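Using my numbering, read the sequence shown as starting at 295 and increasing by one per residue.
Inspection log for the structure reproduced underneath, given as structure tokens.
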Amino acid sequence: MNFGFTPEQKMLKESAKKLMRQEVVPFLAGAPEDRPLPADEIKRLLKKLIPLGYLGSTIPEEYGGFGLDYLTYGMLLEELEPPVYGLVMLQAGTARSIFLLGNEEQKRTFLPKLLAAERIGCSCITEPNVGSNTGSIQCRAVRDGDEWVINGTKTWITNGAFADLAFVLANADPSQGKRGLARFILDKDVSPWEANAIGILSGDGQIPSVGELVFEDCRVPGGNLLGEFGRGLKDTLIGFQAARCYVALDAINIAQRALDAAIRYARERTQFGRPIGKFQMVQAMIAEMAMELDASRLLAYRGLSLVDRGLRCARETSMAKFYATEAAVRITSKAIQVHGAYGLSREYPVERLFRHARVLPIPDGTTQIQKLIVAREILGLQAFA
Ligand SMILES: Cc1cc2nc3c(=O)[nH]c(=O)nc-3n(C[C@H](O)[C@H](O)[C@H](O)COP(=O)(O)OP(=O)(O)OC[C@H]3O[C@@H](n4cnc5c(N)ncnc54)[C@H](O)[C@@H]3O)c2cc1C
Numbered sequence: 295m296n297f298g299f300t301p302e303q304k305m306l307k308e309s310a311k312k313l314m315r316q317e318v319v320p321f322l323a324g325a326p327e328d329r330p331l332p333a334d335e336i337k338r339l340l341k342k343l344i345p346l347g348y349l350g351s352t353i354p355e356e357y358g359g360f361g362l363d364y365l366t367y368g369m370l371l372e373e374l375e376p377p378v379y380g381l382v383m384l385q386a387g388t389a390r391s392i393f394l395l396g397n398e399e400q401k402r403t404f405l406p407k408l409l410a411a412e413r414i415g416c417s418c419i420t421e422p423n424v425g426s427n428t429g430s431i432q433c434r435a436v437r438d439g440d441e442w443v444i445n446g447t448k449t450w451i452t453n454g455a456f457a458d459l460a461f462v463l464a465n466a467d468p469s470q471g472k473r474g475l476a477r478f479i480l481d482k483d484v485s486p487w488e489a490n491a492i493g494i495l496s497g498d499g500q501i502p503s504v505g506e507l508v509f510e511d512c513r514v515p516g517g518n519l520l521g522e523f524g525r526g527l528k529d530t531l532i533g534f535q536a537a538r539c540y541v542a543l544d545a546i547n548i549a550q551r552a553l554d555a556a557i558r559y560a561r562e563r564t565q566f567g568r569p570i571g572k573f574q575m576v577q578a579m580i581a582e583m584a585m586e587l588d589a590s591r592l593l594a595y596r597g598l599s600l601v602d603r604g605l606r607c608a609r610e611t612s613m614a615k616f617y618a619t620e621a622a623v624r625i626t627s628k629a630i631q632v633h634g635a636y637g638l639s640r641e642y643p644v645e646r647l648f649r650h651a652r653v654l655p656i657p658d659g660t661t662q663i664q665k666l667i668v669a670r671e672i673l674g675l676q677a678f679a
């Protein structure tokens, strides 16, 4: 077991820190705070991340990607500025789905546009009445001649407010139950839909994190079925293994920033004539935060190294997701505590980090669902069908 970074990983992480400092932080600081960025500005921001492999991720070079392994890509994601994390994770994730499941024509048509940030991708599973119970999707796809006709609403979709490529999970044959679920690639120019932003706790206004998409008699070319018919749900669940580790790393990124801020503050702030970091109860908070952060990181890295080896790892990746995201809520909350009242003010970063962390135990399977998966893998008994 190797607990260090390789020289290449170290170099990549250093280059990522520099890219954030020189390009992303100034871009976000210069963006208006009172209105969301238009899609072409979001694309401009995404293009800045191309040279380091943020969009090419694990896709092989022959398809225009960066050919990183899943673990190294996770280490790269960990360096992202928090407001762009979901944006980049989903952009790379949709490209990865095309690479893994798409036929040659789909790869040729959609991959170059996603990798060049000319199109923004989103993945649509959740519906107003369908959250944790993914198998009960109500969105319908009906074959009509050479086309599919899609009707339904998808909600809480990352990038959904401005995406122009949507991967939609719909039921194409209700008589087959869950086996009737299929995934479709929708290009907004060809198959238009309506989209709106949804305001949430972590949203800072510049990049609306989630949106709702409404498909009304939306006509999709017959060739845009992604993957094998009947495997829509199974493929989605397999994709969750890596995605859950990447959500864990979103939490780890946030928690690391909160710990760093708490350490800085504990050294600078004085009460009773000494730095508050000298008080044992403040030291205990710092020690607990650091320990939970290390545990989160080790779980996430283990999950991704199993994904890299092509092993089934539902138990390990669900553990990483639920532990890291819940730990980030505790860590960011403690970081506020270390800051006292100043921690609640917008002048310090920790209240924003707490709001971001609080969101993460929900997407890609809630904490409760992750626990059911872990227990199912251990007990061999299923709590939900
Ligand atoms: C920031 C963010 C980004 C998101 N991005 C996307 C996206 O890109 N694409 C997408 O499709 N969706 C996305 N989602 C939606 C997300 O996947 C769902 O919110 C999630 O699956 C939970 O569904 P729900 O919110 O409807 O909660 P519900 O399923 O209604 O659950 C409500 C509560 O009941 C609990 N519960 C439900 N079933 C059980 C059970 N069997 N046992 C015990 N407890 C249970 C849950 O844990 C939860 O506490 C996103 C959500 C957020 C917040």
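Yeah, the Cβ is synthetic: ideal placement off N, Cα and C, and Gly gets one too.
Model, not experiment: these values are computed from the prediction.
Nearest neighbour of residue i, chosen from the options [CA to CA]
i: GLU441; options: VAL484, THR611, ARG473 and GLU317; result: VAL484
i: TYR540; options: LYS312, GLY493 and THR352; result: THR352
i: ARG513; options: ARG646, ILE656, ASP438 and SER590; result: ASP438
i: VAL258; options: ALA552, ARG591 and ALA410; result: Given a span of 295 to 679 for the chain in the structure shown, any question on residue 258 remains unanswerable.
i: GLN316; options: LEU339, MET579, GLY359 and ALA594; result: LEU339
i: LYS407; options: ILE419, THR420 and ILE392; result: ILE392
i: ILE501; options: GLU586, LYS304 and PRO326; result: PRO326
i: LYS401; options: ALA310, VAL623 and LEU520; result: LEU520
i: ALA581; options: GLN550, GLY604 and TYR348; result: GLN550
i: VAL318; options: GLU375, ALA545 and TYR559; result: GLU375
i: SER612; options: ASP658, GLU645 and SER639; result: ASP658
i: LYS307; options: GLU641, PRO330, TYR348 and ASP328; result: TYR348
i: MET314; options: LYS342, GLN303, THR300 and LEU543; result: LYS342
i: ARG377; options: LEU394, LEU409, GLU399 and LEU322; result: The question names Arg, but residue 377 in the sequence shown is Pro. Here the closest residue by C-alpha is LEU322.
i: ILE420; options: PHE404, ALA410, ASN465 and VAL443; result: According to the sequence provided, residue 420 is Thr. The question's Ile does not apply to it. Out of PHE404, ALA410, ASN465 and VAL443, ASN465 has the C-alpha closest to the C-alpha of THR420.
i: ILE444; options: PHE478, GLU373, ASN427 and ASP529; result: PHE478
i: THR447; options: PRO422, ILE663 and ARG329; result: PRO422
i: ALA545; options: ARG646, LEU531, MET579 and LYS482; result: ARG646
Per-residue DSSP class, three states only, for residue i
i: ASP458; result: coil
i: ARG473; result: helix
i: PRO236; result: The chain is shown only over 295 to 679; residue 236 falls outside these bounds and no answer can be derived.
i: ILE392; result: helix
i: VAL378; result: helix
i: THR449; result: strand
i: LEU362; result: coil
i: ASP483; result: coil
i: PRO308; result: Per the sequence shown, the amino acid found at residue 308 is Glu instead of Pro. Three-state result, GLU308: helix.
i: GLU373; result: coil
i: GLU327; result: coil
i: ARG434; result: strand
i: SER627; result: helix
i: ASP588; result: helix
i: THR530; result: helix
i: GLY674; result: coil
i: GLU399; result: helix
i: PHE761; result: Nothing can be reported for residue 761: it is not among the residues displayed for the chain, which extend from 295 to 679.
i: ASP544; result: helix
i: ASP658; result: coil
i: ILE353; result: coil
i: GLN500; result: coil
i: TYR617; result: helix
i: LEU343; result: coil
i: GLY637; result: helix
i: TYR595; result: helix
i: TYR642; result: coil
i: ARG525; result: coil
i: MET295; result: coil
i: TYR367; result: helix
i: ALA669; result: helix
Bridge partner(s) assigned by DSSP for residue i
i: ARG606; result: Note: ARG606 sits in no beta bridge, so no partner.
i: ARG568; result: GLN565
i: ALA491; result: GLY505
i: ARG513; result: VAL443
i: PHE478; result: VAL462 and LEU519
i: GLY415; result: LEU459
i: VAL318; result: Answer is none; VAL318 lacks a bridge partner.
i: ARG538; result: In the DSSP output, where bridge partners are listed per residue, ARG538 has none listed.
i: GLU421; result: VAL424
Touching by the beta-carbon criterion (3+ pairs, under 8 Å), the stretch 400-415 and the stretch 378-390: yes
Meets three-Cβ-pair contact criterion under 8 Å: the stretch 441-456 and the stretch 485-504: As far as the Cβ criterion goes, the stretch 441-456 touches the stretch 485-504, which means the pair count is three or higher.
Segment contact flag, the stretch 454-467 with the stretch 501-510, C-beta cutoff 8 Å, min 3 pairs: yes
Meets three-Cβ-pair contact criterion under 8 Å: the stretch 648-664 and the stretch 566-575: no
Given 8 Å, three or more beta-carbon pairs between the stretch 663-675 and the stretch 554-573: no
Inter-stretch contact (C-beta, 8 Å, three-pair minimum) for the stretch 606-622 and the stretch 587-597: Verdict: yes, contact present.
At least 3 beta-carbon pairs within less than 8 Å: the stretch 366-380 vs the stretch 424-435: no
Three or more C-beta pairs below 8 Å linking the stretch 463-475 and the stretch 620-630: no
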